[in-house]
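> Protein chains in written order, with the UniProt record's numbering: chain A, 1 to 277; chain B, 1 to 277. Once you've had a glance at the structure underneath, I'll fire off some questions.
Protein chains: 2
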Amino acid sequence: MTVDRGTRPSRRPVPSTRTPEDALAPVDAEDTGDVTDATDPTDATDPAARPVPEATVARLAVYLRVLTTLLGEGRGTVSSEELAAAAGVNSAKLRKDLSHIGSSGVRGVGYDVARLTAEVEATLGLTQPHAVALVGVGNLGHALAGYGGFAQRGFPVAALFDVDPALVGTTIGGVEVEHADAIGAVCAARGVTIGVVATPAPAAQRVCDHLVAAGVRSILNFAPTVLAVPAGVEVRKVDLAVEMQVLSFHVARRHGTVPAAGPVAAPRPTPREAVSR
Amino acid sequence: MTVDRGTRPSRRPVPSTRTPEDALAPVDAEDTGDVTDATDPTDATDPAARPVPEATVARLAVYLRVLTTLLGEGRGTVSSEELAAAAGVNSAKLRKDLSHIGSSGVRGVGYDVARLTAEVEATLGLTQPHAVALVGVGNLGHALAGYGGFAQRGFPVAALFDVDPALVGTTIGGVEVEHADAIGAVCAARGVTIGVVATPAPAAQRVCDHLVAAGVRSILNFAPTVLAVPAGVEVRKVDLAVEMQVLSFHVARRHGTVPAAGPVAAPRPTPREAVSR
DNA sequence: CAGTGTGAATCCATTCACAGCA
DNA sequence: TGCTGTGAATGGATTCACACTG
């Protein structure tokens, strides 16, 4: 079951000269959350390259948000220091991140906001819209569907699904809710590339299978379950329970195991300060 | 990063017997993410260092979910291999994770489900409830507040806040929505330890400041902004846009510039496990 | 034996420090 | 002179492999 690696990966592939403009190459997935990816080493279609690390990709999205704001304010350039502070990271990390996408800032000056914005968007594949299908229009799903941010960000909601007869047929944000049995046909027909699963845990795997069968290779999972997917399909997970429990861990660690109401560290308001490190 | 190593972590919690009352629980989920924390190394209140790595903590929550299910099925023991498969990680990682919390499995047999469940809960600080305050009862916030999973998981929603006059005074899930101006007083009075920010981006930082001033040291941020907090306060971020963009990146990477022809058609049964039910 | 616990090796990410260019 | 781009150093997390034990 577990992959048996045996090949001795040669040391450094040597970045060599990065020629192509948007040389996007296969990267491996795995992040601090959960990415059930499965990049296959036997992939012959990759001209070999070592681009954008996973951790960097996630931050690029954050940089993009800041850049968008700056662009709206009419800023012409930004220094790595300023952009980094706004994004909550240190400047060295930001510069290294940007170096991965082959950006070019101007020494002594900084980065051209407009240009950098375009480069980041291109790297993230945002130059073209990605049709999204959302399955599960319950409590959370409804909120997600109603939230207009999707379309504005280049992720038009192309389809909504549920199994509840009371919901099928209704319209949310201009999109009609269809029965989950139609996932396969509808997603294939509308060219859905990203699927969002917001169903109860028991139904998640089944829904996921249908999405994958319809050709969807990227899934965002809100259901509290680990989804099993074939190689080549990427799953990112958003789990509220996990987040809360991680915070719980830190609360507990903070004041030992002793329950509240103690002479524990004073809940001083504390000063305000810039983003750490 | 931070963390002052030094003291020998003679970790040995063992919180006696604990009631497996809140075992099993259908829940919903949410989030993922990035951690914009600011752990303070100068913490003098806790002599015992922190043995559990961050990455491990996040996975413990996942293991716990699986364990809860197993417990509900009446399983007595599990092997690292089985538990790992169900949690979507490899067995070596799982064993190392568990070794950090000082768990003890039985060689040749596996782990005692009930005991391991208790140990993980103790490590995550779930032996006592953590009062939660949710700020921003709009689209998403309302869905989160209405979702009953919080209380069942040991995170009772102690307060709801918003600034919209139309919402203040209404009741959601038995909790009344109060005006955001009362954050300080209410949180302090009700002993809130975890704050959830679900406001629009512009209001997030202000709300965060109020929560911190009220003594809240752990915050879950759903707003698309980087929150600046003083040292000692931990912030975990859940950003939908970031998740979508990361997936976008992978979609783009997959079929470079050329739309995929359509390789894998059927959902290949892969690591299918048995977490269902 | 089957399966845990863990040192050692490896891989990935962050940080440092500075050369080099506008 | 100021700030980018990046080799090198450091640190954390994952994987391997195997000694050891119920």
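Backbone N, C-alpha and C fix where the C-beta goes; we use that ideal spot for every residue, glycine too. From a predicted model like this one, the values you see are computed outputs, not experimental measurements.
(1) List the residues that DSSP assigns as beta-bridge partners of Val-106(B).
(2) Could you pull the start and end residues of the alpha helix (DSSP H) that Leu-134(B) belongs to?
(3) From the DSSP output, in three-state form, read off Val-62(B) for me.
(4) Got a sec, what are the start and stop residues for the alpha helix (DSSP H) Ile-183(B) sits in?
(5) Determine the chain A residues that contact Ser-80(B) at a beta-carbon separation under 7 Å, and present them in chain order.
(6) For Ala-145(A), collect the residues of the same chain with a Cβ closer than 8 Å to its Cβ; drop the 5 residues on either side in sequence, then sort them by chain order.
(7) Can you check DSSP and say which residues form a bridge with His-179(B)?
(8) Does the beta carbon of Asp-46(B) come closer than 8 Å to any beta carbon on chain A?
(9) Closest to Arg-107(B) by C-alpha separation, out of Leu-211(B), Leu-167(B), Ser-79(B), would be which residue?
(10) Give the DSSP-derived three-state secondary structure of Val-242(B) in the structure shown.
(11) Measuring CA to CA, which of Arg-59(A), Phe-222(A), Ala-231(A), Pro-202(A) is closest to Thr-143(A)?
(12) Roughly how far, in whole angstroms, is the beta-carbon of Cys-208(B) from the beta-carbon of Val-196(B), given that I think they are within contact range, below 8 Å?
(13) What's the call for Thr-45(B), buried or exposed, on a 16-neighbour Cβ count within 10 Å?
(14) State the beta-bridge partners of Leu-220(A) as determined by DSSP.
(15) Could you tell me which chain A residues have their CB closer than 7 Å to the CB of Arg-254(B), listed as they occur along the chain?
(16) With contact counted as at least three CB pairs below 8 Å, one residue from each stretch, are the stretch 126-133 of chain B and the stretch 95-105 of chain B in contact?
(17) Does the distance from the C-beta atom of Val-113(A) to that of Leu-60(A) stay below 8 Å?
(18) Figure out for me which residue from Leu-83(B), Val-186(B), Leu-140(B), Arg-115(B) has the closest Cα to the Cα of Tyr-63(B).
(19) With a CB to CB cut of under 7 Å and the five nearest residues on each side skipped, what residues in its chain are close to Val-109(B)?
(20) 8 Å is my cut-off, CB to CB: does Val-113(B) come that close to chain A?
(21) Using DSSP's beta-bridge definition, name the partner residues of Val-78(A).
(22) Kindly give me the distance between the Cβ atoms of Leu-98(B) and Ser-248(A), rounded to whole angstroms, as I take these residues to be in contact under 8 Å.
(23) Figure out for me which residue from Ala-151(B), Val-66(B), His-100(B) has the closest Cα to the Cα of Ala-85(B).
(24) Does Arg-206(B) pass the burial test, meaning 16 or more other C-beta atoms within 10 Å, or should it be called exposed?
(25) If you measure from the beta carbon of Ala-182(B) to each beta carbon in chain A, is any gap under 8 Å?
(26) Quick one: which chain B residues come within Cβ less than 7 Å of Gly-102(A)?
(27) Express the C-alpha separation of Thr-199(B) and Ser-91(B) in angstroms, rounding to a whole number.
(28) Leaving out five residues on either side along the sequence, give the residues of the same chain with a beta carbon under 6 Å from the beta carbon of Arg-153(A).
(29) Where does Thr-171(A) fall in DSSP's three states?
(30) For Ala-58(B), return the contacting residues in chain A, with the cut-off set at a CB-CB distance below 7 Å.
(31) Please report the Cβ distance between Ile-194(B) and Val-216(B), rounded to the nearest whole angstrom; I am assuming they are in contact, meaning their Cβ atoms lie under 8 Å.
(32) For Leu-211(B), count neighbouring Cβ atoms within 10 angstroms of its own Cβ and tell me buried if that reaches 16, exposed if not.
Quick look at the numbers:
(1) On the second sequence, position 106 is the one that residue 106(B) refers to. Gly-110(B).
(2) Locating residue 134(B) in the second sequence gives position 134, where the first residue counts as 1. Taken as a continuous stretch (DSSP letters only), Leu-134(B) belongs to no alpha helix (DSSP H), being part of the beta strand (DSSP E) at 132-135.
(3) Residue numbering aside, residue 62(B) sits at position 62 when the second sequence is read from its first letter. Helix, per DSSP.
(4) Reading the second sequence from its first residue, position 183 is the one you call residue 183(B). Looking at the DSSP string, the run of the alpha helix (DSSP H) that includes Ile-183(B) is 183-190.
(5) Looking up residue 80(B) in the second sequence gives position 80. Correct list: empty, because the minimum Cβ distance to chain A is about 13 Å.
(6) Within the first sequence, residue 145(A) is the residue found at index 145, counting from 1. Contacts found: Leu-134, Val-137, Val-157, Leu-160, Ile-172, Gly-173, Val-175.
(7) Mapped onto the second sequence, residue 179(B) falls at position 179. Answer is Asp-162(B), bridged to His-179(B).
(8) Counted from its first residue, the second sequence places residue 46(B) at position 46. With a pLDDT of 41 at Asp-46(B), under the threshold of 50, the modelled position of this residue cannot be trusted; read the value that follows with caution. For Asp-46(B), the answer is yes, since a Cβ of chain A falls inside 8 Å of its Cβ.
(9) As a working note, residue 107(B) is residue 107 in the second sequence. Considering only alpha carbons, the answer is Ser-79(B).
(10) Position 242 of the second sequence, counting from 1, holds the residue named residue 242(B). It is helical.
(11) Position 143 of the first sequence holds residue 143(A). A quick correction: the sequence has Ala, not Thr, at residue 143(A). When each option's Cα is compared against that of Ala-143(A), the closest is Phe-222(A).
(12) On the second sequence, position 208 is the one that residue 208(B) refers to. On the second sequence, position 196 is the one that residue 196(B) refers to. Actually they do not touch by this definition, with Cβ atoms about 11 Å apart.
(13) On the second sequence, residue 45(B) is found 45 positions in, with the first residue counted as 1. Residue confidence for Thr-45(B) is low, a pLDDT of 37 falling below 50, so the modelled location carries little weight and cannot support an answer.
(14) Taking the first residue of the first sequence as 1, we reach residue 220(A) at position 220. In DSSP, Leu-220(A) forms a bridge with Val-196(A), Arg-236(A).
(15) Translated into the one-based positions of the second sequence, residue 254(B) becomes position 254. Here the neighbours are Arg-217.
(16) no
(17) Indexing the first sequence from 1 puts residue 113(A) at position 113. Indexing the first sequence from 1 puts residue 60(A) at position 60. It is not a contact, given that the beta carbons lie outside the stated cut-off.
(18) Here residue 63(B) is taken as the residue at index 63 of the second sequence, counted from 1. It is Leu-83(B).
(19) As a first step, residue 109(B) is located in the second sequence; it is residue number 109 there, counting from the start. Correct list, in chain order: Thr-77.
(20) Mapped onto the second sequence, residue 113(B) falls at position 113. Not closer than 8 Å to any Cβ of chain A, the Cβ of Val-113(B) fails to qualify, so no.
(21) Numbered from 1 along the first sequence, position 78 holds the residue referred to as residue 78(A). Val-78(A) is bridged to Tyr-111(A).
(22) Residue mapping note: residue 98(B) aligns to position 98 of the second sequence, counting from 1. Residue mapping note: residue 248(A) aligns to position 248 of the first sequence, counting from 1. The pair is not a contact, with the Cβ atoms about 18 Å apart (cut-off 8 Å).
(23) Here residue 85(B) refers to the residue found at position 85 when the second sequence is read from its first residue. Nearest C-alpha to Ala-85(B): Val-66(B).
(24) Translated into the one-based positions of the second sequence, residue 206(B) becomes position 206. Answer is exposed; the Cβ neighbour count stays below 16.
(25) As a position in the second sequence, residue 182(B) is number 182, starting the count at 1. So, not an interface residue.
(26) Within the first sequence, numbered from 1, the residue matching residue 102(A) stands at position 102. Correct list: empty, because the minimum Cβ distance to chain B is about 15 Å.
(27) Here residue 91(B) refers to the residue found at position 91 when the second sequence is read from its first residue. Here residue 199(B) refers to the residue found at position 199 when the second sequence is read from its first residue. Roughly 40 Å separates the two Cα atoms.
(28) The residue you call residue 153(A) lines up with position 153 of the first sequence. Counting only Cβ-Cβ distances below 6 Å, and skipping sequence neighbours, we find nothing.
(29) Within the first sequence, residue 171(A) is the residue found at index 171, counting from 1. Thr-171(A) falls in the strand class under three-state DSSP.
(30) For the purposes of this step, residue 58(B) is taken as residue 58 along the second sequence, with counting starting at 1. Per Cβ cutoff of 7 Å: Val-242, Val-246.
(31) For this step, residue 194(B) is matched to residue 194 along the second sequence. For this step, residue 216(B) is matched to residue 216 along the second sequence. Indeed they touch by this definition, with Cβ atoms about 7 Å apart.
(32) Position 211 of the second sequence, counted from the first residue, corresponds to residue 211(B). Leu-211(B) is buried by the Cβ-count criterion.
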